[in-house]
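So for the sequence shown, the numbering used here puts the first residue at 1317; every next one is plus one.
Only one structure is covered here, and it is reproduced in the block below.
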Amino acid sequence: MENIKYENGVLYLLDQTQLPNEESYLTPKTKEEYFFAIKSLQVRGAPAIGIFAAYAMALLDGDKEELKRYLDSARPTAVNLSWATGRMLKAYQDGKSLIDEAIAIHEEDKAMCRKISEYGLSLLHDGDGILTHCNAGALATSAYGTGLGPLLLGKEKGYTFHVYTDETRPLLQGARLTSYELEKAGVDVTLICDNMASLVMKQGKINAVLVGADRIAANGDTANKIGTSGVAVLAKYYGIPFYVLAPYSTIDYSCKTGDDIVIEEREADEIKSLYFEKPTALPETKCFNPAFDVTDSELITAIITDKGIIRAPYCENLKKIR
Ligand code: MRU
């Protein structure tokens, strides 16, 4: 199952908002349809939105600088989006084939995910219990994924992992996407509510936590799906390794610390009504719905990239792979 497919001049997008109930593909044509696909999470996950936006830059006519600005504004936190559109703009200015550049970004992501998965797997043991948050699998990237990569690669190599996946409120990417992807791959997966992470850790069921990232600051602070920093605090308390997995394109050296990372805020309806038959709060009840939070680097055991496993001191060691 591929999330983004370019075939005979047409871009096909697996609509992730319909999962796990329906596997249907969209064929966006206008810039508004591309923007909506990113904004509404029909395509989501930092590397996947970068790949998708790269195809948009290649396939849509018009002013490319304006198009880049428009697409980048759909989701401000995941740096892979502006990284990919920036690379496409440069290719345009250099007179390169834009579709070849988009395909290259797509193919390179597959290779990076494979490397991340191999490095990640080298830190795990057969039989390990793993906790994941949100979805950092093939659906969020191009193949294997980042956070889920070692688990999917491990499955191919005959490892048995026992994966606990947080449902990940409010958009339920853990329930709708991670448990779906792992079930399909034949990995043993158990869905838990977000607030059960502490319990499964206390019960000794978790040997490592694996998560993806949307932007990594130069000091190793990482923006991840909302709720991740709480999981990191718990992991530290229980002495469980907490690994962040991401391609080098997720590192933003222009952000000195996590405080410089812009956090996307989303609509209140996602908390109050999106996945419920009836609203769960009064219309006038205020909601605060940031899509990401920042995990302090001191809570992170290692950042696993396609260029190797990076450990503290992050300022120094992240510079080495620049
Ligand atoms: O809001 P989403 O669903 O796009 O959030 C995605 C994630 O949380 C992932 O952890 C992150 O993008 C890394 S994807 C490999």
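From the three backbone atoms N, C-alpha and C, an ideal C-beta is built for every residue, glycine too.
Starting from residue i and walking both ways along the beta strand (DSSP E), at which residues does that stretch end?
i	result
Tyr-1367	According to the sequence provided, residue 1367 is Ile. The question's Tyr does not apply to it. No beta strand (DSSP E) holds Ile-1367; the alpha helix (DSSP H) holding it covers 1362-1375.
Gly-1445	1445-1448
Asp-1585	Asp-1585 -> not in any beta strand (DSSP E); alpha helix (DSSP H) instead, spanning 1585-1588.
Ala-1715	Given that the chain is displayed from residue 1317 to residue 1638, the structure contains no residue 1715 and the question cannot be resolved.
So, using beta-carbon positions, are residue i and residue j closer together than 8 Å?
i	j	result
Thr-1566	Asn-1396	yes
Pro-1563	Asp-1510	no
Leu-1498	Leu-1469	no
Tyr-1322	Ile-1419	yes
His-1478	Gly-1445	yes
Ala-1390	Gly-1366	no
Phe-1558	Leu-1634	no
Thr-1484	Gly-1543	yes
Leu-1440	Ala-1513	no
Ile-1421	Gly-1465	no
Ala-1456	Gly-1361	yes
Ile-1637	Leu-1561	no
Leu-1335	Arg-1492	yes
Just verifying my parser: in three-state terms, what is the DSSP assignment at residue i?
i	result
Val-1395	helix
Arg-1531	strand
His-1422	helix
Gly-1490	helix
Phe-1608	strand
Gly-1411	coil
Glu-1323	strand
Leu-1405	helix
Glu-1417	helix
Gly-1436	helix
Lys-1558	In the sequence as presented, Lys is not what sits at residue 1558; that position holds Phe. Three-state DSSP puts Phe-1558 in a strand.
Gly-1536	coil
Could you tell me the boundaries of the alpha helix (DSSP H) in which residue i lies?
i	result
Gly-1378	Neither: Gly-1378 is in no alpha helix (DSSP H) and is coded neither H nor E.
Thr-1544	1544-1554
Ala-1501	1495-1501
Glu-1632	1630-1635
Val-1516	1513-1518
Quick one: what's got a C-beta closer than 6 Å to residue i's C-beta in the same chain, skipping five residues either side?
i	result
Gly-1574	Ala-1533, Asp-1537, Val-1610
Ala-1459	Lys-1426, Cys-1429
Pro-1486	Glu-1586, Ile-1587
Ala-1374	Leu-1414, Ile-1415, Ala-1418
Ala-1452	Gly-1461, Thr-1462, Gly-1463, Leu-1464, Gly-1528
Glu-1593	none
Let me check you understand the geometry: is the CB of residue i closer than 7 Å to at least one non-hydrogen atom of the ligand ZN?
i	result
Ala-1400	With respect to small molecules bound, the structure shown includes the ligand MRU and not the ligand ZN.
Cutting at 7 Å between CB atoms, please list the residues of its own chain near residue i, excluding the five before and the five after it.
i	result
Asp-1442	Tyr-1475, Thr-1476
Output yes if chain D places a C-beta closer than 8 Å to the C-beta of residue i; else output no.
i	result
Leu-1550	Note that chain D does not occur in the displayed structure, where there is just one protein chain.
Hey, which unbroken runs of the alpha helix (DSSP H) at 4 residues or more fall wholly within the region 1441-1480? Here the runs fully enclosed are 1465-1472.
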